[in-house]
Amino acid sequence: MNGSRKIEAAFVLALAMFSYTAARANAQSAAGADASKKAAAEASPQHDESAEGEKRFQTHCSRCHVAPEDLNPRVVKAVVRQMRVRALLTDEDERLIVKYLAP
31 MNGSRKIEAA
41 FVLALAMFSY
51 TAARANAQSA
61 AGADASKKAA
71 AEASPQHDES
81 AEGEKRFQTH
91 CSRCHVAPED
101 LNPRVVKAVV
111 RQMRVRALLT
121 DEDERLIVKY
131 LAP
């Protein structure tokens, strides 16, 4: 091989190595971002459910009721169960509203 071919081969090899390294770094970054999103979502499911419960309480219950401050969880379950038919609550609505009212 003459001198210019060696330089060309070295340049192609360096470019290939750079491309490979950049592709790996990008893949690891994407995997890390996905892991971060998943960890953030799993970190506070209580907060998410409580916030969703509050939203559903506002949608279904606040037309007639104000959210009570301190209620026994058993009482909350009984009241929400009885209001289920009147407020057209689904199982999920009921569960989330109970979670919001009696965490």
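Heads up: the sequence shown runs through residues 31 to 133, numbered per the working numbering. For each residue, glycine too, the CB sits at the ideal point set by N, CA and C.
Under the three-state reduction of DSSP, Ser-92 is assigned to coil, being neither helix nor strand. Burial check for Asp-100: the Cβ neighbour count within 10 Å stays below 16, so the residue is exposed. Around the beta carbon of Glu-122, fewer than 16 other beta carbons sit within 10 angstroms, so the residue counts as exposed. Within the model, the alpha-carbon separation for Gly-83 versus Pro-98 is close to 14 Å. Here the C-alpha atom of Val-96 lies approximately 12 Å from the C-alpha atom of Thr-89. In the three-state DSSP reduction, Asp-100 falls in the coil class, being neither helix nor strand. Counted as a single uninterrupted DSSP element, the alpha helix (DSSP H) harbouring Leu-131 occupies residues 121-131.
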